[in-house]
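Chains as they are written, first to last, in the working numbering: chain F, 192 to 528; chain S, 24 to 298.
In what follows, a single structure is set out as structure tokens and then discussed.
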Amino acid sequence: MTVGINGDEYAVVAQDLRKSFGNTQALDGVSLKIRSGTLLGLLGPNGAGKTTTVRILTTLMQPDSGSATVAGVDVLGDPGKVRSLIGLTGQYSAVDQVLTGRENLIMFGQLYRLPTSLAKRRADDLLDRFDLTDAATRVVSTYSGGMRRRLDLAASLLVAPPVLFLDEPTTGLDPRSRNGMWEVIEGLIEDGTTVLLTTQYLEEADRLADNIIVVDHGRVIAEGTANQLKTQIGGERLAITVPHGTDFALVEQTLRQIVGAGAEEEGGVQIDVDSGQVTVPFPDGAKALPEAIRQIDAAGIVLSDIALRRPSLDDVFLTLTGRSAEEVGNETGEKAA
Amino acid sequence: MSSKAFSVPKAELITIDRPGLRGVVFDSLILAKRSLMRVPRQPEWLFGATVQPIMFLLLFRYIFGGALIIAGGSQVNYIIVGVIVQGVVFGSFSTSIGLATDVKEGLVDRFRSLPMSRISVLLGRILADMALNIFVTTFTFAIALLIGFRPNGNIGEWLLSIGMILLLSFALAWIGAFIGLALKSIEAVNTIGFVWVFPVTFASTTFTEAATMPGWLQPWVKHQPFSLAVNSVRGWLTGYPNVGNDGWIAAAWLVLVCLIFAPLAVWAYEKRAAH
């Protein structure tokens, strides 16, 4: 049996997936398509249904209703075949801590049904590619967090599966390791792999995703490219930074006067007391900027910085879900939902 | 990253089909090997597993031993067989902990996403734990001989005893597997995963005869499968008490335990999420 893409336009198709746990409707009709060789970013607050979607598509869980195909194979009809065509990297580094990096990869290669000699060679290839050759004979418990994630990703690439599922692959990594993972993922896309990526980091989705789907309460609430989503939620943002000790109530009041009714839409006035940054939707853009500065000045507010910017994915997320990605990331107690 | 050439081109990554039983055996052996590889790397684990039965051996031989009255046969022989067989029950605890750890670390999710035989994750673990059990039991036997254990069974009786101990180890490992997968956390396994062991090993003829216990307890003590298993091993190896049909009845019970708990453990494995 050879493993490869069978030439379908879409490598992953999910139709109206529904799943409930007790009284909680984890998925309430999720549909998605991933074009072969592209990366789909799946965004949403904790409990929105991201992980449940991944678990269903990777055959770990069965939906109550709905259907899905991965690499052209029916997930419910032939889960065994699907498993030979996918790689999964979950939120945990699912590798054996007591084995060495090389032993882990050889074992998973054998379990993927590669002949042992091939599993060994493939393990060495992947260790080399992920800069783990020097650590190959050390037990994994001595690895750094970034090394473990790289090994975990390598373990899902043993048969070069055409479809890869990455469930929050960089959560908890330091910025340097995260950057390293992004380069690896970009390399996989270049090689033609189709990827479904869930993430809490909107910067990650912005950089990697060809398409983005935002889910909340088990439903798809928006989809498109990062640019389309940013355009969809409206125009520019006015971002001002004020020094410590500024009266934020006054700042908010002044900005509301400047922007008018628009300030209530698209997330409204966003204040970050720690950094002193205040953001507000600013639909009229640059031509209204001088007047805004005059009014801020007239109110006696001192500015450290002022800028107009396009909406970020954070703004998109906030507008669509009513919560910032940061708040969402700080919530605890996420279930497998 | 993609510029580096692979020694195995993508097109050569050809997998082998191992349908049915061949896949089960192959995958189980790989995972049993994986479990056993931790033994030399975590010597403290093996140390703990061997010291425990030896402590029980010394405890019951020299401290409680004098207080336990055995109607017939050698008192030392009686108790030592109990301690040895009890060690097999404690061994099932490592199956619970091992599987609960695999769940916690996300390994069970990874195994479930691979095109491998599903029961092998359980079977591989159980085979490895049985191998360790054999090692620990053999070691305990050797110490027991040093402190006065005098078995006198013939070859047939020795083989029957080894068979009974292996069957016991296998059956109880399925209970251990079910507990390790059904409970929510390693902490839960640590605290309540062991509770069932006490009525089974202590309310039994492991250390004393049923006749010394209260009347209401005696029917359970006499007929529960663990007592029957201990008694038959005891009878085969030391000549007291008479085995009679106890061996067959114990074996039947243990097969029944496998038939109940193996499907339960597989069910718990299928249901299990990573957290």
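All C-beta atoms in this analysis are idealised placements derived from N, C-alpha and C, irrespective of residue type, glycine included.
With a threshold of 9 Å between beta carbons, F70 (chain S) makes no contact with chain F. One alpha carbon belongs to F83 (chain S), the other to F230 (chain S), and they sit about 8 Å apart. Rounded to whole angstroms, the Cβ separation of L122 (chain S) and R141 (chain S) is 13 Å, and the two are not in contact under 8 Å. In this structure, F:E394 is the residue among F:E394, F:A479, F:S466 with its C-alpha nearest to the C-alpha of D506 (chain F). Looking at the DSSP output, S258 (chain F) bridges to F:Q206. With a threshold of 9 Å between beta carbons, L81 (chain S) makes no contact with chain F.
As for any alpha helix (DSSP H) of minimum length 4 sitting wholly inside the stretch 225–288 of chain F, the runs are 241–248, 270–274, ordered along the chain.
Annotated three-state conformation of R173 (chain S) is coil, per DSSP. Inter-segment contact for the stretch 249–268 of chain F and the stretch 200–211 of chain F is present: three or more beta-carbon pairs are separated by less than 8 Å. In the DSSP assignment, A291 (chain S) falls within the unbroken alpha helix (DSSP H) covering 269–294. Residue contact with chain S for K272 (chain F): present (Cβ-Cβ distance below 9 Å to some residue of chain S). According to the DSSP secondary-structure assignment, T432 (chain F) is paired through a beta bridge with F:Q468, F:D496.
Approximately 5 Å separates the beta-carbon atoms of G228 (chain F) and G383 (chain F); this is inside 8 Å, confirming the contact.
Residues of the same chain with a CB within less than 7 Å of the CB of R313 (chain F), apart from the 5 flanking positions on each side, are G300, L305, L349 in chain order.
Per DSSP, the continuous alpha helix (DSSP H) segment holding N418 (chain F) begins and ends at 417–423.
Interface criterion met: the Cβ of M298 (chain F) is under 9 Å from a Cβ in chain S. Taking a Cβ-Cβ threshold of 7 Å, none of the residues of chain S is close to I247 (chain F); the smallest such distance is about 12 Å. At a cut-off of 9 Å between C-beta atoms, R320 (chain F) counts as an interface residue with respect to chain S. Of F:G337, F:V330, F:S332, the smallest CA-CA separation from D322 (chain F) is found for F:G337. In terms of beta-carbon proximity, E67 (chain S) stays away from the interface with chain F, with every pair separated by 9 Å or more.
In this structure, the alpha-carbon of G258 (chain S) lies about 36 Å from that of L204 (chain S). D407 (chain F) is classed as buried because its beta carbon has at least 16 other beta carbons within 10 Å across all chains shown. Contacts with chain F at 9 Å (Cβ-Cβ) include S30 (chain S).
If you keep only unbroken alpha helix (DSSP H) runs of at least 4 residues inside the stretch 225–271 of chain S, you get 241–246, 248–261. Residue environment for N175 (chain S): exposed (fewer than 16 other C-beta atoms within 10 angstroms of its C-beta). At a Cβ-Cβ threshold of 9 Å, L494 (chain F) and I449 (chain F) do not count as neighbours. At least 9 Å separates the CB of S211 (chain F) from every CB of chain S. In the three-state reduction of the DSSP assignment, A351 (chain F) falls in the coil class. Comparing C-alpha distances from F164 (chain S) to each of S:L251, S:P248, S:S227, S:I188 shows the shortest one belongs to S:I188.
Boundaries of the beta strand (DSSP E) around V386 (chain F): 385–389.
Residue environment analysis places D50 (chain S) among the buried positions, since at least 16 neighbouring C-beta atoms fall within 10 angstroms of its C-beta. S:I283 is the residue among S:R41, S:I92, S:I283 whose C-alpha sits nearest the C-alpha of I198 (chain S).
Less than 9 Å separates the beta-carbon of R428 (chain F) from that of V471 (chain F). For a Cβ distance threshold of 8 Å, residue set S30, V31 of chain S lies close to R312 (chain F), ordered along the chain. Within the model, the alpha-carbon separation for I86 (chain S) versus V99 (chain S) is close to 12 Å. At a C-beta separation below 9 Å, D132 (chain S) has these neighbours in chain F: R246, T249, L251, L279, G281, Y283, A285.
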